[in-house]
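Structure first, then comments.
Residue numbers (UniProt numbering): 1 to 231.
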């Protein structure tokens, strides 16, 4: 994928979409099959735009999403069932494909043969795909970005069964909530910070909400949540 060539246009469009963030439930409907095309690339789980550098993808493949479905990294962590001429796989969105139009997926070559054994000779091949709940183990995880402090909030929600729509923060025991913008590298960021300990409310694209209380804001730390979305 040619990130450098596409960066300027991509950055401008992402900045606009993040600034005017809207609910994404209509973009990620579960179990709604689409007929489309796929291509392949070398794969880059730790270096993908979703910033899963220290999140192991045990039992899941990576896939790059493009077009309106990328939506400023809102697709990060969503799971997709991909079916082709040779079979099906389930993959988790871990990267962006700037050159891909809506519904076009870019697959890691490591598993593309399971979808279409002739993917190398075809180059572009037909698929059907749909968003599905992720078969992850355990509860939500809350990753504090390196450099996070009481004056700079940057948190990633991962290990979710469902795509994440919004993240809100409360510092007054839930009396009020502040919605936090999602950056194109998949961290919800507030440059003024919220202090050392916060309550976090996460909403999935299906409208389910989880409140995790008393998360310590600490550079690079990963907080294991106590809840998971139902499916």
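Backbone N, C-alpha and C fix where the C-beta goes; we use that ideal spot for every residue, glycine too.
What would DSSP say about residue i, mapped onto helix, strand or coil?
i	result
residue 23	Any reading at residue 23 is ruled out, since the residue's pLDDT is 48, under 50, leaving its predicted position unreliable.
residue 13	The predicted position of residue 13 is uncertain, since its pLDDT is 35 and thus under 50; a value taken from the coordinates is nonetheless stated next. Residue 13 falls in the helix class under three-state DSSP.
residue 231	coil
residue 8	Caution applies to residue 8, whose pLDDT of 34 falls short of 50 and renders its modelled position unreliable; the model cannot decide the point.
residue 109	helix
residue 148	coil
residue 121	helix
residue 67	helix
residue 91	strand
residue 18	Its pLDDT being 32, under 50, residue 18 is placed unreliably by the model, and the measurement read from it follows with that caveat. In the structure shown, residue 18 sits in a helix (DSSP, three-state: H, G or I).
residue 73	helix
residue 115	helix
residue 212	strand
residue 207	coil
residue 217	coil
Using a threshold of 9 Å, state whether the C-beta atoms of residue i and residue j are closer than that.
i	j	result
residue 156	residue 196	no
residue 76	residue 52	yes
residue 144	residue 192	no
residue 59	residue 110	no
residue 129	residue 178	no
residue 91	residue 116	no
residue 133	residue 74	no
residue 95	residue 62	yes
residue 65	residue 93	yes
residue 112	residue 38	yes
residue 106	residue 40	yes
residue 201	residue 209	yes
residue 169	residue 190	yes
residue 171	residue 194	yes
residue 131	residue 28	yes
residue 36	residue 104	yes
residue 239	residue 199	Coverage of the chain is limited to positions 1 through 231, which leaves residue 239 absent and any answer about it impossible.
residue 185	residue 50	yes
Look up residue i in the DSSP assignment and give the residues it is bridged to.
i	result
residue 182	188
residue 143	156, 222
residue 45	Note: residue 45 sits in no beta bridge, so no partner.
residue 79	92, 132
residue 126	37
residue 30	131
residue 61	91
Go ahead and label residue i buried or exposed: buried means 16 or more other beta carbons lie within 10 angstroms of its beta carbon, across all protein chains shown.
i	result
residue 22	Residue placement at residue 22 cannot be trusted, given a pLDDT of 44 that sits under 50; what the coordinates show is reported in the next sentence. Under this definition residue 22 is an exposed residue.
residue 165	buried
residue 135	exposed
residue 214	exposed
residue 47	exposed
residue 205	buried
residue 101	exposed
residue 72	buried
residue 121	exposed
residue 31	exposed
residue 160	buried
I'd like to know whether the C-beta of residue i is nearer than 9 Å to at least one C-beta of chain C.
i	result
residue 56	The question asks about chain C, but that chain is absent: this structure has only one protein chain.
Check whether the segment 221 to 229 touches the segment 133 to 148, taking contact to mean three or more Cβ pairs, one atom from each stretch, closer than 8 Å.
Segments in contact, yes.
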